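In my numbering, the protein residues as written are -16 to 36.
Backbone N, C-alpha and C fix where the C-beta goes; we use that ideal spot for every residue, glycine too.
None of these values were measured; they are calculated from a predicted model.
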């Protein structure tokens, strides 16, 4: 079962999502997909920025 932050794409990279409750790491192929995965799991959080790690 996928937790929303695991990516099985071969070209996925780690993104650090900064939000109002700290930081969370998300694996995705792009920044937009990382944001979508994060917001799907934590819809009430406010994202301030996303950086590639």
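- Annotated three-state conformation of residue 35 is strand, per DSSP.
- Remark: C-beta atoms of residue 31 and residue -9 do not approach each other more closely than 8 Å.
- Residue 23 sits exposed, since fewer than 16 C-beta atoms from the chains shown fall within 10 Å of its C-beta.
- Bounds of the alpha helix (DSSP H) holding residue 15 are 14 to 24.
- The beta carbon of residue 4 sits closer than 7 Å to the beta carbons of 28 from its chain, once the five residues preceding and following it are set aside; these are given in chain order.
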